[in-house]
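Scroll down for the structure; my scribbles are underneath it.
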Amino acid sequence: MNALLQLENVSFSYPGRPVFGEVSFEANAGEFIALLGSNGAGKSTLLDTITGLREPTSGTIAIEGKPASEWRPSERARRVAHLPQSVRPDLPFTVEQLVLMGRYPHGEAWFDSPADIAAAHAAMQRTACWEYRSRRVFTLSGGERQRVLLAACLAQNGSVCLMDEPSVFLDIEQQLRCFDLLAEEARNGKLCIAVTHDLNLALSYCSRLLVLADHKLVVDCSTRSARHDSGWLGFFSNRLQLGDTPNGKPWVWYR
Amino acid sequence: MTTVRSEAQKRVLVCVVVFCLAALILPWVGPGPLHVRDTLRFGSLDSYIFLQLRVTRTLLALFAGGALSLAGALFQAMLRDALATPYTLGVSTGASLGAVVMISFGWSIVWGIPATWIGALAGAAVVLVMVMGVAARQRRISAFGLLLTGVAVNSVCGSLILLLYSMAGVAHSFSISRWLIGSVDATGYGSLTLFATIVIIVSAVVIAQAKHWNLMAVDEQWAASRGVRVRSLLLEGYIFGSALTAGAIALTGPIGFVGLIVPHMVRGRISSDHRILMPCAFLLGGTLLSICDALGRVLLSPAEVPAGVILALLGGPYLIWLVRERL
Numbered sequence: 040m041n042a043l044l045q046l047e048n049v050s051f052s053y054p055g056r057p058v059f060g061e062v063s064f065e066a067n068a069g070e071f072i073a074l075l076g077s078n079g080a081g082k083s084t085l086l087d088t089i090t091g092l093r094e095p096t097s098g099t100i101a102i103e104g105k106p107a108s109e110w111r112p113s114e115r116a117r118r119v120a121h122l123p124q125s126v127r128p129d130l131p132f133t134v135e136q137l138v139l140m141g142r143y144p145h146g147e148a149w150f151d152s153p154a155d156i157a158a159a160h161a162a163m164q165r166t167a168c169w170e171y172r173s174r175r176v177f178t179l180s181g182g183e184r185q186r187v188l189l190a191a192c193l194a195q196n197g198s199v200c201l202m203d204e205p206s207v208f209l210d211i212e213q214q215l216r217c218f219d220l221l222a223e224e225a226r227n228g229k230l231c232i233a234v235t236h237d238l239n240l241a242l243s244y245c246s247r248l249l250v251l252a253d254h255k256l257v258v259d260c261s262t263r264s265a266r267h268d269s270g271w272l273g274f275f276s277n278r279l280q281l282g283d284t285p286n287g288k289p290w291v292w293y294r
Numbered sequence: 009m010t011t012v013r014s015e016a017q018k019r020v021l022v023c024v025v026v027f028c029l030a031a032l033i034l035p036w037v038g039p040g041p042l043h044v045r046d047t048l049r050f051g052s053l054d055s056y057i058f059l060q061l062r063v064t065r066t067l068l069a070l071f072a073g074g075a076l077s078l079a080g081a082l083f084q085a086m087l088r089d090a091l092a093t094p095y096t097l098g099v100s101t102g103a104s105l106g107a108v109v110m111i112s113f114g115w116s117i118v119w120g121i122p123a124t125w126i127g128a129l130a131g132a133a134v135v136l137v138m139v140m141g142v143a144a145r146q147r148r149i150s151a152f153g154l155l156l157t158g159v160a161v162n163s164v165c166g167s168l169i170l171l172l173y174s175m176a177g178v179a180h181s182f183s184i185s186r187w188l189i190g191s192v193d194a195t196g197y198g199s200l201t202l203f204a205t206i207v208i209i210v211s212a213v214v215i216a217q218a219k220h221w222n223l224m225a226v227d228e229q230w231a232a233s234r235g236v237r238v239r240s241l242l243l244e245g246y247i248f249g250s251a252l253t254a255g256a257i258a259l260t261g262p263i264g265f266v267g268l269i270v271p272h273m274v275r276g277r278i279s280s281d282h283r284i285l286m287p288c289a290f291l292l293g294g295t296l297l298s299i300c301d302a303l304g305r306v307l308l309s310p311a312e313v314p315a316g317v318i319l320a321l322l323g324g325p326y327l328i329w330l331v332r333e334r335l
């Protein structure tokens, strides 16, 4: 059986500047993967490439066993939901309008169907932005806006959820809720890949770690094995150490 | 948004009623009173004034105002900038330059058609082809690229207009400045029918894409990652918006503000959902321009104030009030 997502020797470069090269991995439904790396390592570009926002310089990407380039844009968007790093709508859309845009790939009709509206409402309730659904997006704080964007991605209901720093701007409680939600999505049969700089969230919630460094994929391991061999921490800083909390959770701390 | 279908139907219906009321009432407004009985008697002077001057003029204002206002809403969504207007992307300045060339050379009628119409449409077409050529050479099209090209074209065409204006004789320079103010004049039913048909068809195509423009108005990548074909939508939007603008400018001159304030007003007071915003902007833009034209006929009667001047006088303070209210 084909993996839900397959990357084979995928490279991307700007003229004269390689971003990443020869990235290969397979990922399946039910996995929650943390995509890690320093600033500029190419994490966001990799997510953009899988989403179809950028063409890979070489290599192939397959979604549900079919080359990504063979999916029509709306078919691909029904399968891949992408949370961008930053969206700041200047025109005065309301929260509800923005979340309903997540349903765009699901309907050719001019108006939203009752199913679209129900999916958007459920997503707003899950991300705790239902209370301010009538507010205009540009009046929201960064954290509130991030929850709205997350709701739009949940409403999109893709089998692959690509989240570019989903917990950015969120307070501690909302960061935990955000990762709880993504873990729940994975348990419900989705594949979630989240870019994050928070190694503790990654170790606590994710089942697998991918690390981009030196323009390539340098680590692809389960979280369990990452707990036993902390060598991968060296790709971020030589001041990091891996230990356990009193209740047995992995914990990265710095000297 | 939960009841967007019924909400849209209700709000658009109200705007349709307003548009129709304007079409029915405004032809009766003018410097001289029209008597209903005389107007209804075919062949009378009142009937001639009503049918040949006032009705055509009102209809032209309704469709030109609608076209400019819809083009404004379209370009604002395309550039994600609430201050974008039909004049931001250069086609309108190209149209103006074409018309000014015709006036400067003293051509008033070419092949039985007003030379300014031909000049405006030709100028718009040249700019359109030029911008598309630049985009094709880069093998990509983006809102930012269109904006930069538009600014450059605006600058060059604006300078050429000034050059022609300064080189023209007194009579021609007066005609140029009069045309550049923008006004609605009576026109024949033939050209009016052609113009209205084009405006209705192009507007229907643009409004049919309103759902896509909702996503584009947020962010290009946001739209692309939800399955919108961004490049083709931008291309179509640019061509259709330019066609609406060039057509309106050819017949009325570059009337400003309607494409800026009406989409603003609709966005603030009715809805920012383009499925509601676009049809309402068309209907209310036409209504506003026809009201301004009617006001221009009576304010300093028997002299006429161009509709472009009235719009600027009303639009400027309205925009300031709008900005103050939002801050």
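Heads up: the sequence lines are chains A and B, in that order.
All residue numbers in the first sequence are consecutive under the working numbering, ending with 294.
All residue numbers in the second sequence are consecutive under the working numbering, ending with 335.
For each residue, glycine too, the CB sits at the ideal point set by N, CA and C.
*Let me know the alpha helix (DSSP H) ranges lying completely inside the stretch 101-167 of chain B, each 4 residues or longer, listed in chain order.*
123-145
*Could you tell me which residues DSSP pairs with GLN45(A) in its beta bridges?*
Stepping through the first sequence from its first residue, residue 45(A) is reached at position 6. DSSP output for GLN45(A) lists GLU65(A) and ALA101(A) as bridge partner(s).
*Taking C-alpha atoms, which residue in ARG127(A), MET140(A), GLU94(A) and LEU85(A) lies nearest to LYS219(B)?*
Taking the second sequence and counting its residues from 1, one reaches residue 219(B) at position 211. When only C-alpha atoms are compared, the closest one is MET140(A).
*Should ARG332(B) be flagged as near chain D, meaning a C-beta pair shorter than 8 Å?*
In summary, chain D is missing from the structure at hand, where the protein chains are A and B.
*Counted within 10 angstroms of its Cβ, other Cβ atoms place TYR293(A) as buried (16 or more) or exposed*: If you number the first sequence from 1, residue 293(A) lands on position 254. Exposed: under 16 other Cβ atoms inside 10 Å.
*Assign LYS18(B) to one of two classes, buried (16 or more other C-beta atoms within 10 Å of its C-beta) or exposed (fewer than that).*
For the purposes of this step, residue 18(B) is taken as residue 10 along the second sequence, with counting starting at 1. With fewer than 16 other Cβ atoms within 10 Å, it is exposed.
*Limits of the unbroken alpha helix (DSSP H) element including LEU139(A)*: Here residue 139(A) refers to the residue found at position 100 of the first sequence. Taken as a continuous stretch (DSSP letters only), the alpha helix (DSSP H) holding LEU139(A) covers 134-140.
*asked:* Short of 7 Å in beta carbon distance, which residues of its chain neighbour VAL213(B), apart from the five on each side in sequence? Order them along the chain.
replied: Counting from 1 along the second sequence, the entry for residue 213(B) is found at position 205. So the list reads PHE248, once near-sequence residues are dropped.
_Proximity test, Cβ basis, 8 Å: GLY235(B) and chain A_ = Your numbering for residue 235(B) matches position 227 in the second sequence. The beta carbon of GLY235(B) sits closer than 8 Å to some beta carbon of chain A.
*Would you grab the beta carbon distance between TYR296(A) and ALA222(A) for me? Rounded to a whole angstrom, and I think it's under 8 Å.*
Because chain A here runs from 40 to 294, residue 296(A) falls outside it and cannot be looked at.
*asked:* My output table needs one value for ILE278(B): the three-state DSSP class, helix, strand or coil.
replied: Within the second sequence, residue 278(B) is the residue found at index 270, counting from 1. In this structure, ILE278(B) counts as coil in the three-state DSSP scheme.
*Select from ALA176(B), ALA251(B) and ARG237(B) the residue whose C-alpha is nearest the C-alpha of SER211(B).*
To locate residue 211(B), count along the second sequence from 1; it is residue 203. Cα-wise, what sits closest to SER211(B) is ALA251(B).
*By how many angstroms is the C-alpha of ASN67(A) removed from the C-alpha of CYS260(A)?*
The residue given as residue 260(A) occupies position 221 in the first sequence. The residue given as residue 67(A) occupies position 28 in the first sequence. Distance between the alpha carbons of CYS260(A) and ASN67(A): 14 Å.
_Output needed for GLU312(B): all residues of its chain with C-beta closer than 7 Å, excluding positions within five of it in sequence on either side, in chain order._
Numbered from its first residue, the second sequence carries residue 312(B) at position 304. GLY304 and ARG305, listed in sequence order.
_Spatial distance of ILE257(B) from SER173(A) (CA atoms)_ = Walking along the second sequence from the start, residue 257(B) turns up at place 249. Walking along the first sequence from the start, residue 173(A) turns up at place 134. Approximately 38 Å between the Cα atoms of the pair.
*Whole angstroms is fine: what's the gap from ALA130(B)'s alpha carbon to THR133(A)'s?*
The residue labelled residue 130(B) in the question sits at position 122 within the second sequence. The residue labelled residue 133(A) in the question sits at position 94 within the first sequence. Each residue's CA atom was taken as its position, placing ALA130(B) and THR133(A) some 41 Å apart.
*Would a check of beta-carbon distances place TRP271(A) closer than 8 Å to chain B?*
One-based indexing of the first sequence puts residue 271(A) at position 232. Answer no: the Cβ-Cβ gap between TRP271(A) and chain B never drops below 8 Å.
*Taking the alpha-carbon positions, what's the TYR143(A) to THR178(A) distance?*
Position 104 of the first sequence holds residue 143(A). Position 139 of the first sequence holds residue 178(A). Computed Cα separation, rounded: 24 Å.
*Looking only at its own chain, which residues have a Cβ that is under 7 Å from the Cβ of ASP203(A), when we skip the five neighbours before and after it?*
Locating residue 203(A) in the first sequence gives position 164, counting from the first residue. Result list for ASP203(A): SER83, LEU86, LEU122, PRO123, GLN124 and VAL234, in chain order.
*Taking a Cβ distance cut-off of 9 Å, strictly less, list which residues of the stretch 104-118 of chain A are near chain B, in chain order.*
Taking a C-beta cut-off of 9 Å against chain B, the contacting residues of the stretch 104-118 of chain A are ARG111, PRO112, SER113, GLU114, ARG115, ALA116 and ARG117, listed in chain order.
*What does VAL375(B) touch in chain A if you count any residue whose Cβ is under 9 Å from its own?*
With chain B running from 9 to 335 in the structure shown, residue 375(B) is simply not present.
*Taking the alpha helix (DSSP H) that LEU86(A) falls in, what are its first and last residues?*
By one-based count along the first sequence, residue 86(A) stands at place 47. Element bounds for LEU86(A): 82-90.
_Where the alpha helix (DSSP H) containing TRP230(B) begins and where it ends_ = Numbered from 1 along the second sequence, position 222 holds the residue referred to as residue 230(B). First-last of the alpha helix (DSSP H) with TRP230(B): 228-232.
*asked:* Between ARG283(B) and chain A, is any beta-carbon pair separated by less than 8 Å?
replied: Counted from its first residue, the second sequence places residue 283(B) at position 275. Yes, because at least one Cβ of chain A sits closer than 8 Å to the Cβ of ARG283(B).
*What are the residues of the stretch 206-235 of chain B that lie near chain A, defined by any Cβ-Cβ distance shorter than 7 Å?*
LYS219, ASN222, LEU223, ALA225, VAL226, ASP227, GLN229, TRP230, ALA232, SER233, ARG234 and GLY235
_Contact with chain A by LYS18(B), beta-carbon distance below 8 Å_ = Against the second sequence, residue 18(B) aligns to sequence position 10. No, its Cβ sits nowhere closer than 8 Å to a Cβ of chain A.
*How about PRO296(A): is its C-beta nearer than 8 Å to some C-beta of chain B?*
Nothing about residue 296(A) can be reported from this structure: the residues present for chain A run from 40 to 294 only.
*PHE27(B) to THR295(B) span [Cα, whole Å]*: Walking along the second sequence from the start, residue 27(B) turns up at place 19. Walking along the second sequence from the start, residue 295(B) turns up at place 287. If you take the alpha carbons of PHE27(B) and THR295(B), they lie about 5 Å apart.
_Residues of chain B with CB closer than 9 Å to the CB of PRO128(A), please, in chain order._
By one-based count along the first sequence, residue 128(A) stands at place 89. Those are ARG88, ALA225, VAL226, ASP227 and TRP230, listed as they occur along chain B.
*Look at PRO271(B) and LEU291(B) and say whether their C-beta atoms are less than 8 Å apart.*
Position 263 of the second sequence holds residue 271(B). Position 283 of the second sequence holds residue 291(B). Contact: no.
*ILE232(A) versus LEU281(A), SER113(A) and GLU65(A), residue with shortest Cα-Cα distance*: Taking the first residue of the first sequence as position 1, residue 232(A) is located at position 193. Residue GLU65(A) is the option with its Cα nearest to ILE232(A).
*Helix, strand or coil at ASP193(B) according to DSSP, with G and I counted as helix*: Translated into positions along the second sequence, residue 193(B) becomes position 185. In the displayed model, ASP193(B) falls within coil according to three-state DSSP, outside both helix and strand.
*For PHE59(A), return the contacting residues in chain B, with the cut-off set at a CB-CB distance below 9 Å.*
Position 20 of the first sequence, counting from 1, holds the residue named residue 59(A). Within chain B, no residue comes near PHE59(A); the closest Cβ sits about 19 Å away, beyond 9 Å.
_Please list, in chain order, the chain A residues whose beta carbon lies closer than 7 Å to that of ARG13(B)._
Residue mapping note: residue 13(B) aligns to position 5 of the second sequence, counting from 1. By Cβ distance, chain A contributes PHE150.
*Kindly indicate if chain B contains any beta-carbon less than 8 Å away from that of PHE132(A).*
Position 93 of the first sequence holds residue 132(A). With 8 Å as the cut-off, PHE132(A) counts as an interface residue toward chain B.
*Provide the residue span of the beta strand (DSSP E) that contains PHE248(B), from first to last.*
For the purposes of this step, residue 248(B) is taken as the residue at position 240 of the second sequence. PHE248(B) -> not in any beta strand (DSSP E); alpha helix (DSSP H) instead, spanning 238-260.
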